[in-house]
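Our numbering puts the sequence shown at residues 864 to 1060. Reading through the structure tokens given below for one structure.
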Amino acid sequence: MTGLDIKNDALIEVAALVTDSELNILGDGVDVVIRPDDAALAQMNDFVRDMHTRSGLLEELPHGKTMAEAEAVIMEYIAKWVPDPRKAPLGGNSVGTDRVFLARDMPAVVEHLHYRVIDVSTIKELSRRWFARAYFQAPAKHGGHRALGDIKDSIDELRYYREAIFVPAPGPDSATAQRISKSVMASAEPLAESSEK
């Protein structure tokens, strides 16, 4: 996104990874760069511009797809793995904002998804408050503020919390939490390059 203002900012990259109930990724996922209008780029603040410059996204924007093309690519991937509408929840970190932008720009995607969400940030915040040992051992993020990498990070983080927090009290000690974190990262598969950019 060019920012978080739903009235003025633009969606500039969308990615999707579908998982099964055990958080195994189905297929390679998709990552689509979207060509924004000049006004959206012009009003981007320095922080966001710098982030998208460092990630390489800004230089890809002129070659991005239209919103309609991007929506079709995302829908094709989701429908391949979840053909029945209203079955798959939207998941990730702070996905409330994502859902608002998707509802505005990709209504077919939102209509296909379940109304519930799996917000990993909520679990992270609860972990910080109630399971600090596990919180401080969570795996590092490597997504680089790119859509597909950030989703992969969210899945890895959720895998970690499933093993480190969703266990009988008192939960793991620090050494066990660290072992779980290393195990999750060791089993994390690198993402294949998408040809949809």
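All C-beta atoms in this analysis are idealised placements derived from N, C-alpha and C, irrespective of residue type, glycine included. This one's a predicted model, so the numbers in the text were calculated from it and none came from an experiment.
According to DSSP, residues forming a beta bridge with residue i
| i | result |
| --- | --- |
| Val963 | Per DSSP, none; premise fails for Val963. |
| Lys928 | Ile897 |
Residue i to residue j span [Cα, whole Å]
| i | j | result |
| --- | --- | --- |
| Ala873 | Gly954 | 21 Å |
| Ile888 | Asp913 | 31 Å |
| Tyr998 | Asp1016 | 15 Å |
| Pro1002 | Asp1019 | 8 Å |
| Leu1054 | Pro970 | 27 Å |
| Arg917 | Asp968 | 25 Å |
| Ala905 | Arg1042 | 46 Å |
| Thr929 | Val1030 | 45 Å |
| Arg962 | Val972 | 10 Å |
| Val980 | Glu922 | 32 Å |
Minimum C-alpha distance to residue i - residue among the options
| i | options | result |
| --- | --- | --- |
| Tyr1023 | Gln906, Ser990, Lys943 | Ser990 |
| Asp901 | Ser884, Glu885, Gly919, Pro925 | Pro925 |
| Asp894 | Val936, Ala1032, Asp868, Arg917 | Val936 |
| Leu897 | Ser1017, Lys1045, Arg1009 | Rather than Leu, the amino acid found at residue 897 in this sequence is Ile. Ranking Ser1017, Lys1045, Arg1009 by Cα distance to Ile897 puts Arg1009 first. |
| Glu839 | Pro948, Gly959, Thr985 | An answer regarding residue 839 cannot be provided, because it is not within the stretch 864 to 1060 covered by the chain. |
| Leu1011 | Ala931, Asp891, Val980 | Asp891 |
| Ser957 | Ser1044, Ala903, Asp982, Ala931 | Asp982 |
| Val1047 | Trp993, Arg1025, Val1030 | Arg1025 |
| Ala931 | Ala951, Glu988, Ile1028, Ile875 | Ile875 |
Contacts around residue i, its chain only, beta-carbon distance under 8 Å, and the 5 residues preceding and following it disregarded
| i | result |
| --- | --- |
| Arg996 | Gly1034, Pro1035, Asp1036, Ser1037, Ala1040 |
Cβ neighbours of residue i in the same chain (closer than 7 Å, five flanking residues each side left out)
| i | result |
| --- | --- |
| Ile1014 | Ala878, Leu880, Gly955 |
Chain D within 8 Å of residue i, Cβ atoms only
| i | result |
| --- | --- |
| Val911 | No chain D appears in the structure shown, which is made up of a single protein chain. |
Quiz prompt | Continuous beta strand (DSSP E) assignments of at least 3 residues falling wholly in the region 873 to 924 | solution = DSSP runs (the beta strand (DSSP E)) wholly in the region 873 to 924: 876 to 882, 888 to 896.
Quiz prompt | Complete beta strand (DSSP E) runs within the region 953 to 1029 (minimum length 3 residues, chain order) | solution = Taking only runs of at least 3 residues, the beta strand (DSSP E) segments lying wholly in the region 953 to 1029 are 953 to 955, 980 to 982.
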